[in-house]
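For the record, in the sequence shown the residue sitting at position 467 is 477 according to our numbering, with numbers rising by one throughout. Cβ coordinates follow ideal geometry from the N, Cα and C atoms, glycine included. This report concerns only the one structure given below.
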Amino acid sequence: MDTKTTTISQEALAEQAAYCREIRAYWEASGITPRAFVDTYGCQQNEADSEKIRGMLAQCGYVMAEDEEGADVIVLNTCAIREHAEQRVYGNVGALVHTKRRHPGQKIFLCGCMMGQEHVVKKIRESYRHVDGVFNPHQLWRFPELLKSVLDNGKRIFATEDSPGSIAEGLPLQRKAGVKAWVSIMYGCNNFCSYCIVPYVRGRERSRKPEDILAEVRDLLAHGIRDITLLGQNVNSYGKDLGLGVDFADLLARIAALPGDFWLRFMTSHPKDATKKLFDTMAASPKIAKQFHLPVQSGNDRVLKEMNRRYTRAQYLSLVDYGRQVMPELVLTSDIIVGFPGETEAEFEDTLSLIEQVRYDALFTFIYSPRKGTPAATMPDPVSRQEKNRWFDRLVAAQNRISEEIHRSYEGKTMRVLVDGTEDGLLTARTEGGRLVRFSGDESLVGQFVLVEITGHTTWSLEGRLPENCDCHGNLL
Ligand code: 5AD
Ligand code: SF4
Numbered sequence: 011m012d013t014k015t016t017t018i019s020q021e022a023l024a025e026q027a028a029y030c031r032e033i034r035a036y037w038e039a040s041g042i043t044p045r046a047f048v049d050t051y052g053c054q055q056n057e058a059d060s061e062k063i064r065g066m067l068a069q070c071g072y073v074m075a076e077d078e079e080g081a082d083v084i085v086l087n088t089c090a091i092r093e094h095a096e097q098r099v100y101g102n103v104g105a106l107v108h109t110k111r112r113h114p115g116q117k118i119f120l121c122g123c124m125m126g127q128e129h130v131v132k133k134i135r136e137s138y139r140h141v142d143g144v145f146n147p148h149q150l151w152r153f154p155e156l157l158k159s160v161l162d163n164g165k166r167i168f169a170t171e172d173s174p175g176s177i178a179e180g181l182p183l184q185r186k187a188g189v190k191a192w193v194s195i196m197y198g199c200n201n202f203c204s205y206c207i208v209p210y211v212r213g214r215e216r217s218r219k220p221e222d223i224l225a226e227v228r229d230l231l232a233h234g235i236r237d238i239t240l241l242g243q244n245v246n247s248y249g250k251d252l253g254l255g256v257d258f259a260d261l262l263a264r265i266a267a268l269p270g271d272f273w274l275r276f277m278t279s280h281p282k283d284a285t286k287k288l289f290d291t292m293a294a295s296p297k298i299a300k301q302f303h304l305p306v307q308s309g310n311d312r313v314l315k316e317m318n319r320r321y322t323r324a325q326y327l328s329l330v331d332y333g334r335q336v337m338p339e340l341v342l343t344s345d346i347i348v349g350f351p352g353e354t355e356a357e358f359e360d361t362l363s364l365i366e367q368v369r370y371d372a373l374f375t376f377i378y379s380p381r382k383g384t385p386a387a388t389m390p391d392p393v394s395r396q397e398k399n400r401w402f403d404r405l406v407a408a409q410n411r412i413s414e415e416i417h418r419s420y421e422g423k424t425m426r427v428l429v430d431g432t433e434d435g436l437l438t439a440r441t442e443g444g445r446l447v448r449f450s451g452d453e454s455l456v457g458q459f460v461l462v463e464i465t466g467h468t469t470w471s472l473e474g475r476l477p478e479n480c481d482c483h484g485n486l487l
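This is how it looks when you write it as structure tokens:
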């Protein structure tokens, strides 16, 4: 395998666009408007990839369907982060046998991180014969060519060559309508945390050029997007591979300097690469949301070392202290793994004490899941699943109490929120820190920043009302 990441040439991408035109012409000639269904599992990176898949499908003439029944193409964009995610995919792919029987022309494609693992591809090849095509994350940009091949000759196709990774600029994108958008700024990961499959399936870190990112953000702002999340497995190492002297904090500052009223967020950050400069840049710009997702994974130094995280509890805590010092209102969230191989109860309790100390606004908690091919999968793991479940429940109970207490402290405050939709007759909105707020108001407020008085709370969300002394746009009179 070549060890260098590459940029896909514009000629190669033009070839793919030509395949799209041929597929579109084929459907037009048959007088059918073809329908496609894209099902996404896992993280925002996958959601962003699915927007590209939908974009390519739209270019091929497909309209999007609500579900798999009767769709001419089904794409399952899979996740490999934990076994549970993989089991769901296997279950759903299995069920597609019946869907395809009812619609024999249907073509089924699997892509995403699961397809970056050889043993998974082998299983699909041998045991899921109704699947027509498979491609791994490196081959995503070739989807039109793969679809064309399957439509032409009906033969199954597997595009699963390994690669250190590439960047394909200018792929068509079909974003969900709304006020929020994701922008991928880099791909891959170099960190090799010992439990994690991502570096094996998504390749090495590679950053998009600042001007390409800025152009995309400008376009989003021109189309009314008001909440932008920059995406990458470890955004803090943005730019290291480019050698342009632009780091992540510089990129944030450049984007935040664009004209318009918007919030800028990002995820995910690795604590070992989060710098004071980054916190200072956030503090200096009103457009950069005061929200930080900073996965700690464990509060115990021995476990952190075994996880290959390359920071200590004390270093992590001093980072959090600095962040809160320059941004007292900072909303902090994190990821935690419970039951890493060899973790003892006392070590788990260090994680509990860390979350009591930090008091995160919210946590994403996971029980360790062995991933074939990662170093942790071969480490002795003597603690039973029941015991891990008990630890997990203790962690969740502690965090729920903390989240509830923090939410209670919002009551009585007036907050600026961005209204992003409606649900059960109420408006839904997000605070700058990303907290969900529901309140009643006119639908015309969707897409606008308004001020809301917080009147109630649950563990996971806030309730509010438009202040009485405010106009219909939520501005105080
Ligand atoms: N088992 C459990 N959780 C995992 N994560 C990553 N790999 C595993 C695994 N093998 C969690 C980490 C990461 C989040 C996205 O998923 O907490 O931050
Ligand atoms: Fe996985 Fe660690 Fe990379 Fe995150 S930083 S994607 S946990 S290897």
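Under DSSP, Asn-87 shares a beta bridge with Thr-50 and Cys-121. Apart from sequence neighbours up to five positions away, the residues of its chain that approach Lys-297 with a beta-carbon distance below 7 Å are Ala-266, Phe-272, Trp-273 and Leu-274, ordered along the chain. For Glu-136, the enclosing alpha helix (DSSP H) stretches over residues 128-137.
Around the beta carbon of Asp-77, fewer than 16 other beta carbons sit within 10 angstroms, so the residue counts as exposed. Contact between Gln-55 and Leu-241 holds: their C-beta atoms lie close to 6 Å from each other, under 8 Å.
With respect to Ile-33, Lys-158 sits close: the two C-beta atoms are nearer than 8 Å. Three or more Cβ pairs closer than 8 Å define a contact, and the region 433-453 falls short of that threshold against the region 196-215.
Residue side-chain check: Asn-410 keeps its Cβ at 7 Å or more from all non-hydrogen atoms of the ligand SF4. Two segments are said to touch when three or more pairs of C-beta atoms, one from each, lie closer than 8 Å; by this definition the region 143-158 does not touch the region 223-237. Distance from the CA atom of Val-73 to the CA atom of Glu-38, rounded to whole angstroms, is 13 Å. With a threshold of 16 other beta carbon atoms within 10 Å, Asp-434 falls short and is exposed.
Here Glu-453 has Thr-432 and Leu-437 as same chain residues with Cβ atoms under 8 Å from its own Cβ, once five neighbours each way along the sequence are excluded. Arg-418 is positioned such that its CB atom lies closer than 8 Å to that of His-467. Assignment of beta-bridge partners to Arg-440 by DSSP yields Leu-428 and Leu-446.
For Asp-59, the closest C-alpha among the options Ile-134, Pro-147 and Val-131 is that of Pro-147.
With a cutoff of 7 Å, Gln-243 counts as near the ligand SF4, since its C-beta is closer than that to a heavy atom of the ligand. For the ligand 5AD, no non-hydrogen atom lies closer than 7 Å to the CB of Pro-220.
In this structure, DSSP gives Ser-471 an extended state, which the three-state scheme calls strand.
Judged by the Cβ position, Pro-209 qualifies as a neighbour of the ligand SF4 at the 7 Å threshold, a heavy atom of the ligand being closer than this. With a cutoff of 7 Å, Gln-307 counts as near the ligand 5AD, since its C-beta is closer than that to a heavy atom of the ligand.
DSSP places Leu-240 within a strand segment (E or B) once states are collapsed to three. Just measuring C-alpha positions, the residue of Phe-402, Ile-84, Arg-426 and Ile-134 sitting nearest Gln-116 is Ile-84. Straight-line measurement puts the Cα of Glu-355 at about 47 Å from the Cα of Glu-226. Per DSSP, Ser-40 lies in no beta strand (DSSP E); the unbroken alpha helix (DSSP H) holding it starts and ends at 20-40. Per the coordinates, the alpha-carbon of Gly-213 lies some 22 Å from the alpha-carbon of Val-256.
The beta carbon of Gln-149 is closer than 6 Å to those of Ala-169 in its chain, skipping five residues each way along the sequence. Checking the 7 Å criterion, the Cβ of Ser-379 is within range of a heavy atom belonging to the ligand 5AD.
Apart from sequence neighbours up to five positions away, the residues of its chain that approach Gly-249 with a beta-carbon distance below 6 Å are Ser-217, Val-256 and Asp-257, ordered along the chain. In its chain, beyond the 5 residues on either side, Ala-259, Leu-262 and Ala-263 have a beta carbon closer than 6 Å to the beta carbon of Thr-291. For a cut-off of 8 Å, the C-beta gap from Val-306 to Leu-364 is around 7 Å, short enough to register as a contact.
For Thr-441, same chain residues with a beta-carbon under 7 Å away, outside a window of 5 residues either side, are Met-425, Val-427 and Val-447 in chain order.
With a cut-off of 8 Å on Cβ pairs, the region 88-107 is in contact with the region 118-130, counting three or more such pairs. Using a C-beta cut-off of 8 Å, the region 106-120 makes no contact with the region 392-408, since fewer than three inter-stretch Cβ pairs fall below that distance. In its chain, beyond the 5 residues on either side, Leu-183, Gln-184 and Arg-185 have a beta carbon closer than 7 Å to the beta carbon of Glu-61. Boundaries of the alpha helix (DSSP H) harbouring Met-292: 286-294, taken from the DSSP string.
Of Asp-222, Glu-221, Tyr-197 and Lys-219, the smallest CA-CA separation from Tyr-210 is found for Tyr-197.
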